[in-house]
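Accompanying notes for the structure given below.
Residue numbers (UniProt numbering): 1 to 101.
Following this line, the structure appears as structure tokens:
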């Protein structure tokens with residue numbers, strides 16, 4: 001693996017940049033914030049956040065590819081939950097930071 005002069009390898013840089021990309025979208029922030037409170041189905045997320053199911057599904061796919069959310073299937077329903085405590089802590093810190101301004 002190619003190391004850069006500052007000690008961060010390409011894979012680490014990619015993961016960090018993708019994490020911030022994930023947190024750089026207001027809809028994804030809203031979804032992740034909702035999942036902080038527990039597991040929700042796609043329908044529940046869409047209804048709670050007043051979003052279309054297709055928009056929610058698209059964002060959840062993006063977040064799942066980054067391993068920030070996971071799901072379990074119950075019948076035909078998918079229930080999503082957060083899957084990365086570090087990123088969720090980062091999100092909560094950013095929200096707390098914004099709330100103090």
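For glycine and all other residues, C-beta sits at the position ideal for the given N, C-alpha and C.
Note that the coordinates shown come from a computational prediction; the quantities given were computed from them, not determined experimentally.
*Who are residue 40's beta bridge partners in DSSP?*
If you number the chain shown from 1, residue 40 lands on position 40. DSSP, once it has assigned bridges, lists 80 as partnering residue 40.
*Output yes or no for whether 8 Å exceeds the beta carbon distance between residue 40 and residue 34.*
Here residue 40 corresponds to residue number 40 of the chain shown, with the count starting at 1. Here residue 34 corresponds to residue number 34 of the chain shown, with the count starting at 1. Yes, the Cβ-Cβ distance between residue 40 and residue 34 is below 8 Å.
*Return the CA-CA distance between residue 64 and residue 46, expressed in angstroms with no decimal places.*
For the purposes of this step, residue 64 is taken as residue 64 along the chain shown, with counting starting at 1. For the purposes of this step, residue 46 is taken as residue 46 along the chain shown, with counting starting at 1. Straight-line Cα distance between these residues: approximately 17 Å.
*asked:* Between 37, 79 and 7, which has its C-alpha nearest residue 57's C-alpha?
replied: Position 57 of the chain shown holds residue 57. Ranking 37, 79 and 7 by Cα distance to residue 57 puts 79 first.
*For residue 61, does the three-state DSSP call read helix, strand or coil?*
As a position in the chain shown, residue 61 is number 61, starting the count at 1. In the structure shown, residue 61 sits in a helix (DSSP, three-state: H, G or I).
*When you compare only the Cα positions, how much space is there between residue 123 and residue 84?*
With the chain running from 1 to 101 in the structure shown, residue 123 is simply not present.
*asked:* So, under 8 Å CB-CB, residue 87 and residue 60 are touching, yes? Tell me the CB distance rounded to an integer number of Å.
replied: Counting from 1 along the chain shown, the entry for residue 87 is found at position 87. Counting from 1 along the chain shown, the entry for residue 60 is found at position 60. Not quite, the Cβ-Cβ distance comes to about 15 Å (not below 8 Å), so this is no contact.
*Give the secondary structure of residue 72 by DSSP, where H, G and I count as helix, E and B as strand, and everything else as coil.*
Within the chain shown, numbered from 1, the residue matching residue 72 stands at position 72. The three-state reading of DSSP puts residue 72 in strand, counting E and B together.
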